[in-house]
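Beneath this line is the structure, given in structure tokens, with notes to follow.
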Amino acid sequence: AAPPSARPLGARDGPKAQRPLPAPTRPGGKAAAARPRAVLDRRRRDSDEEEEDSDGEEEEDWRKELRSLTGYDPTRFRDDKDDRSMVADYRTIQAEERRSSRLGREADRQAEEEEMRRAREKAERKRQLKAK
Numbered sequence: 001a002a003p004p005s006a007r008p009l010g011a012r013d014g015p016k017a018q019r020p021l022p023a024p025t026r027p028g029g030k031a032a033a034a035r036p037r038a039v040l041d042r043r044r045r046d047s048d049e050e051e052e053d054s055d056g057e058e059e060e061d062w063r064k065e066l067r068s069l070t071g072y073d074p075t076r077f078r079d080d081k082d083d084r085s086m087v088a089d090y091r092t093i094q095a096e097e098r099r100s101s102r103l104g105r106e107a108d109r110q111a112e113e114e115e116m117r118r119a120r121e122k123a124e125r126k127r128q129l130k131a132k
């Protein structure tokens, strides 16, 4: 016999080496070949059709319920123009970029001022507590 390192992985010597592999099993221990393929296919197809039917009804139900709760009416937005046809030249894009940058800097400045104000108020409260 060949040394263990020279044998292919899983190869054995002796009578068990020739034993065939067991048939694949299904949950519950039943062999996969126990039922004809046509029966399995028909059952699978029937269950798929049932799922499709129930999915369509359930989908409409939850959409209808959600729309009634939120007041959303999809027909209101049906006539909105398509945005893909919008065209902007370089100058317009650059103007929007400058405007956006200016607004961003202003928002950052306001946030920093608010943070400084809160820090001053916190320090003032702390000083008042120590004075008591």
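Residue numbering for the sequence shown follows full-length UniProt numbering, beginning at 1 and increasing consecutively. Idealized CB from N, CA, C, for every residue including glycine.
Can you look up residue i in the DSSP assignment and give me helix, strand or coil?
i	result
K132	coil
D79	coil
M116	helix
D61	helix
G71	coil
D89	coil
Answer with yes or no whether the minimum CB distance from residue i to chain B is below 8 angstroms.
i	result
R127	Of the protein chains in this structure there is only one, and it is not chain B.
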